[in-house]
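**Q** In my numbering, the protein residues as written are 98 to 370.
Ideal placement from N, C-alpha and C gives every residue a C-beta, glycine not left out.
This is the structure I have questions about; it appears just below.
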Amino acid sequence: MKHLFICFIAGTCFLLSSCSEKKHLAKPGDKDQETIKVMSYNVHHCNPPAKPEVIDLNAIAAVINAAKPDLVGLQEIDVNTIRSGKEINQAKELAAKTNMHYYFAKAIDYQGGGYGVAILSKYELSEAQVYPLSSDPSTNAEPRVLVTAKVVLPSGKVIRFANTHLDATSNPTNRSLQIKEINAIALKERTPFIITGDFNAVPGSEVIVAMDEVFTRTCFTCGPTIPANKPTKCIDFVGYTTKKPMTVQAHQVISAPEASDHLPVFAVLGFKP
């Protein structure tokens, strides 16, 4: 593991933890591939962990803008809720602050509004689909969803971008059901399929083992993402599945512990000819 400090004009300095993954990192001859920068970020409804009553959209936007991703999967997004502001659509506000397109997928009704996941994209989004994910009725678990959208890159290449937030209960039953459904959806897609999410499961667990049957994660020895102030485990991932394999140009965990209780994951993917 190596650490690289990158300072940005805004005066904020983020620590990027870069994991070298020799098994699937790009080779020198791959440097001319078309690339796409992808981020997964559980934003904790834009509530900084050290400030229980504060909603700080600017802090989240600053982290995203510093990394300059093309696609972002956001988890734990509030839209018109009491706790975050009845007039505040966090997905829309973050899109405006990052100059990106957005799509919000509500998982549950919450405090007069909605709570769920969202996609931000540098490029236009179309054909968005929201898939309710299953859970064992006996667990009385919070509903979860997968959102996907079509993205056309500058080269004309079409991809399907997805984002999810799996069940958080201690029993993995629901997460196992949910990842199997996600795998089935991904396998039906003919275009390159990129997924981001908070999977609430660590590498080696039955959930991530199932994920690995269909997706290639951008890390094998993944840097920890939670808790943000002293991270000890990784439950946030970027992955892809495609008939024409991609390469991983970079994988990083961005250290921004003041903005959310999770650290964002950032990856650069290259498309093979």
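1) What is the rounded straight-line gap between the Cα of Phe334 and the Cα of Pro342?
2) Round the Cβ separation of Ile332 and Val311 to the nearest angstrom and send it over; I've been treating them as touching at under 8 angstroms.
3) Among the candidates Gly336, Met197, Gly182, whose CA atom is the shortest distance from the CA of Ile279?
4) Should the region 186-199 be called in touch with the region 233-241, which here means at least 3 C-beta pairs below 8 angstroms?
5) Going by Cα to Cα distance, which pick from Val249, Ala204, Gly209, Gly210 is closest to Lys219?
6) With C-beta atoms as the reference, is Thr261 less than 9 angstroms away from Ile292?
7) From this set, Phe201, Tyr200, Asn271, which residue's C-alpha is nearest Val304's C-alpha?
8) Just to confirm the assignment, what range does the alpha helix (DSSP H) spanning Lys285 have?
9) Find the nearest neighbour of Thr338 within the set Thr322, Ile351, Lys369, judged by alpha-carbon distance.
10) Determine the direct distance from the alpha carbon of Ala193 to that of Val156, and round the result to whole angstroms.
11) Where does Met308 sit, in a helix, a strand or coil, going by DSSP?
12) According to DSSP, simplified to helix, strand and coil, what is Ile161?
13) Can you tell me which of the three DSSP states Glu221 falls into?
14) What separation, rounded to the nearest whole angstrom, lies between the Cα atoms of Asn196 and Ile174?
15) Can you give the Cα-Cα distance for Asp309 and Phe363, rounded to whole angstroms?
16) So, at 6 angstroms on beta carbons, what are the nonlocal neighbours of Thr329 in its own chain, with the 5 sequence-adjacent residues on each side left out?
17) Count the other CB atoms within 10 Å of the CB of Leu360; is the residue buried (16 or more) or exposed (fewer)?
18) Taking a contact to mean a Cβ-Cβ separation below 9 angstroms, would you say Val227 touches Lys247 in this structure?
19) Exposed or buried, what is Pro229 when buried is set at 16 or more other beta-carbons lying within 10 Å of its beta-carbon?
20) Quick check: the Cα distance between Ala225 and Thr245, rounded to an integer number of angstroms?
21) Can you grab the Cα-Cα spacing for the pair Val160 / Val365, in whole Å?
22) Pull up the distance between the alpha-carbon of Ile351 and that of Pro166, whole angstroms please.
23) From the DSSP output, read off the bridge partner residues of Thr293.
24) Between the C-alpha atoms of Thr344 and Lys134, what's the straight-line distance to the nearest angstrom?
**A** Once the coordinates are examined:
1) 18 angstroms
2) Not a contact, Cβ separation roughly 18 angstroms.
3) Gly336
4) no
5) Val249
6) yes
7) Asn271
8) 270-285
9) Lys369
10) First, the residue type needs correcting, since residue 156 is Ala and not Val in the sequence shown. Going by the C-alpha atoms only, they are around 14 angstroms apart.
11) helix
12) helix
13) coil
14) 18 angstroms
15) 19 angstroms
16) Pro321
17) buried
18) no
19) exposed
20) 6 angstroms
21) 16 angstroms
22) 12 angstroms
23) Asn260, Val335
24) 12 angstroms
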